Amino acid sequence: MPPNPHAAREFAVEIVRRLRASGHEAVWAGGCVRDQLLGMQPKDYDVATSATPDEVRELFGRRRTLAIGASFGVIAVLGPRGAGQVEVATFRSDAGYSDGRHPDSVTFSTAEHDAQRRDFTINGLFFDPMTEDTIDYVGGVDDLRRGVVRAIGDPFARIAEDKLRMLRAVRFAATFDFALDADTLSAVQQQAHELVIVSAERIAAELRRMLTHRHRRRAVELLRVSGLLEIVLPEAERLYEFTQAGRGEDAWRRTLELLDALRDPTFSTSLAALLREICQPDDAVGEDVPNDGGRGCAETICNRLRLSNEEKEGAVWMLTQHEAIRRAHQSPWPVIQRLLIERRIEELLALCEALARVDGEFADGVDFCRGKLSLPAEQFDPPALISGDDLKQLGIPPGAIYRRVLDAVRDAQLEQNVATRDDALALARRIHHSLDS
């Protein structure tokens, strides 16, 4: 359960108060300051302090603290019920990033040096909750007013320190609908190929946040402009190649419009929307795409990003089943009924509703499905009339034939050709006899 916003804020204030009472500097830092200045409710709070990790643990007690990053000066302080936890980090300077992700060593320093080692100016701000003053060493307040995401200092140096910052630059610009500073964008474009050293899990985490945000279309546009999309999703080059040849421009446009048309999607739904034109066996994106409904292509991408089985199965299922919804009003009811009782049906219909808003072709199928889903349960999904135990009682030997017989009887039930258990048993006998003869 997420923390109570009021309780989380009060706890973050209390941490600053106690640190100062013990003779240490302490301020709020980073995203919570940025969000507050933008008029948004911070999701969590970070505190920056002159106190060392050992001093933080001594002050708040080891039972209420976790050394989640003590080597980097970070201690989590656990709050009372409903308040969550606050990360308390010692002011520091970083020395070298030989792996392109983590500092080789850190030196505890001052608030100003701590601000200078952060990624973007809008994330390099401090706030004094006692006096309600903003402390700005990097020009972040002005960039917030102008709506700009700008690296602190030399953008090439900031990105060289941590390659993931390239994706974060895109995400922040899209999330807040800000411009990406020209020098920062240039640095990203020139170093985009180095994103490959970042773990798939961290790349996927950024994509989740981009694709489930309402500005997901702009995020994908910025990924392409920055040169990062072809690194994260090399398969997208098919769209570009055919666009340049004058054949696939609509595929890219449809992809962006579909992402824009989604309403509060899950990550799997957004991913299916992003991959639809890339993975479907369509001439617009090349003849080399296997004719498997996009399954192989989507599974390859999901595996490369090391997505969870839940996310992968959801995206693949929607890619392979959305065409069935388009034809739902023209298809046999048993086929569609089995689809509509799947646990992800609302996600699939959300994707198809977005497709209907983009091209209209899915509207009749979606309306048909929504109408069926509104029926009483006994009408829409009545209990099966017979089971495998009944087939045993009929003397039918167990085996693969059970599924064929039960499916055929269920189809007849859904089509209202059989209505009683006796009718279903009689039909099962006839089906078994025809299959066995």
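So the sequence shown is numbered by the numbering used here: it starts at 721 and just counts up by one.
For every residue, glycine included, the Cβ atom is placed at its ideal position computed from N, Cα and C.
As the structure is a prediction and not an experimental result, all values here were calculated from the model.
In summary, S946 is buried, with 16 or more beta-carbon neighbours lying within 10 Å of its beta-carbon over all protein chains present. Selection R838, E1062 and I923 evaluated against I951 yields I923 as nearest (Cα-Cα). By the Cβ rule, the region 755-763 does not count as touching the region 876-886, because fewer than three pairs are nearer than 8 Å. Its Cα nearest to that of L884, the residue L927 stands out among R1124, R1024 and L927.
Burial state of H1153 is exposed, judged by a 10 Å Cβ sphere holding fewer than 16 other Cβ atoms.
In the three-state reduction of the DSSP assignment, Q1136 falls in the coil class. Ranking I1121, D766 and L1126 by CA distance to the CA of P1103 puts L1126 first.
By the C-beta criterion, the region 1105-1113 is judged not to be in contact with the region 1084-1091, since fewer than 3 inter-stretch pairs fall below 8 Å. The alpha-carbon of D903 is positioned some 11 Å away from that of Q910.
For A871, the beta-bridge partners assigned by DSSP are F840.
As for any alpha helix (DSSP H) of minimum length 4 sitting wholly inside the region 905-963, the runs are 920-931, 936-946 and 949-952, ordered along the chain.
T785 sits buried, since 16 or more C-beta atoms from the chains shown fall within 10 Å of its C-beta.
A direct Cα-to-Cα measurement between L1145 and H1049 gives close to 30 Å.
Here DSSP, grouped into helix, strand and coil, assigns A809 to strand.
Annotation for A907: P875, F876 and I879 place their beta carbon closer than 6 Å to its own, counting only its chain and skipping 5 residues before and after. Secondary structure at A749: strand, using DSSP grouped into helix, strand and coil. Listed as beta-bridge partners of L798 by DSSP are Q805. Beta-bridge partners of A899 (DSSP): V868.
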